[in-house]
């Protein structure tokens, strides 16, 4: 089903291949330079025409997604309607992305909502318009609307397309601890360690240290990933706690230590 009466859209998980914090702004936000990439693993959104907006959640991480009224899917749907009108839908979100994990779960879902509703409405809005709507919902939402490898500056909302890394294997691992974004940024030491250049492999994630200070187990995840054969790069994504290992070929199917969450996937 993929017409005006309804359809479906993937919501790929976001990872930050690099994340440089350059400064703290007067408004309390931080100036960032980051490289966004997206994985084949993620959530999935379905829409079926209805008299009004509604949202139901399924999937293994649905229970941690918080109150439905605050969900970014409904907020994105109403923001789209305010800009472009159109039909209303009963929405079903199949949740697989862990919550508060540095994978942009809510932002990915909002991005998928805006793409899907725009398509069902006959593409009345350009991608740039959808990104502007998304920016009012969260700093990562514009990147998740674009849904392809991009450099983000500002608070992450100013985007420039980057070379695709399609097919590169990635192993995502989370020790099943939630790391709220605010405290991690608050723990940043304020030191500008330099810009993000074109060689992102030589870059860094400036939020790793403050995230580890809050949840020391993140350091254990990074060490475990570095010890895997064939790994080419290990880093934490976003504000954590999910870490990733990149592989030139397919990511291995490995069992993580007991209690940790892991998924083998690839970059889009």
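Residue numbers (UniProt numbering): 1 to 268.
Don't be surprised by glycine CBs; every beta carbon is placed ideally from N, CA and C.
Being a predicted model, the structure only gives us computed values, none of them experimental.
inquiry  = On the DSSP letters alone, give me the boundaries of the beta strand (DSSP E) that residue 247 sits inside.
reply    = Walking along the chain shown from the start, residue 247 turns up at place 247. Counting along the chain, the unbroken beta strand (DSSP E) around residue 247 starts and ends at 243-247.
query = Taking the continuous alpha helix (DSSP H) assigned at residue 212, which residues delimit it?
reply = The sequence position of residue 212 within the chain shown is 212, counting from 1. It spans 208-214 - the alpha helix (DSSP H) in which residue 212 sits, taken as one unbroken run.
request  = Pick helix, strand or coil for residue 133, following the three-state DSSP scheme.
outcome  = For the purposes of this step, residue 133 is identified with residue 133 of the chain shown, where counting begins at 1. The answer is helix: DSSP assigns residue 133 an H, G or I state.
query = Can you give, in chain order, each stretch of the alpha helix (DSSP H) that sits fully within the segment 44-87 and has at least 4 residues?
reply = 72-84
query = Since residue 151 sits in a beta bridge, which residues does DSSP pair it with?
reply = Residue mapping note: residue 151 aligns to position 151 of the chain shown, counting from 1. Partner(s): 35, 160.
key: Own chain, CB closer than 6 Å to residue 79, minus 5 neighbours either side, in chain order   = Walking along the chain shown from the start, residue 79 turns up at place 79. The answer, listed in chain order, is 133.
ask   = Thinking C-alpha only, which one of 240, 106, 190 is nearest residue 23?
value = Position 23 of the chain shown, counted from the start, is the residue given in the question as residue 23. The shortest Cα separation from residue 23 among 240, 106, 190 belongs to 190.
Whole-angstrom C-beta distance between residue 232 and residue 244, which should lie under 8 Å = Position 244 of the chain shown, counting from 1, holds the residue named residue 244. Position 232 of the chain shown, counting from 1, holds the residue named residue 232. 11 Å between Cβ atoms; not a contact.
request  = Determine the extent of the beta strand (DSSP E) in which residue 171 is found, giving its start and end residues.
outcome  = Along the chain shown, read from residue 1 onward, the residue named residue 171 stands at position 171. From DSSP, the beta strand (DSSP E) with residue 171 extends over 169-174.
request  = Classify residue 186 as buried or exposed, calling it buried when 16 or more other Cβ atoms lie within 10 Å of its own Cβ.
outcome  = As a first step, residue 186 must be located in the chain shown, where it is residue number 186. Within a 10 Å sphere around the beta-carbon of residue 186 sit fewer than 16 other beta-carbons, which makes this residue exposed.
message = Within 8 Å, do at least three Cβ pairs link the segment 212-224 to the segment 54-70?
response = no
ask   = What is the DSSP secondary structure of residue 192, reduced to helix, strand or coil?
value = Along the chain shown, read from residue 1 onward, the residue named residue 192 stands at position 192. If DSSP states are grouped into helix, strand and coil, residue 192 belongs with coil.
request  = Look at the Cβ atom of residue 112, then the Cβ atom of residue 45, and state whether they are nearer than 8 Å.
outcome  = Locating residue 112 in the chain shown gives position 112, where the first residue counts as 1. Locating residue 45 in the chain shown gives position 45, where the first residue counts as 1. Closer than 8 Å, so yes.
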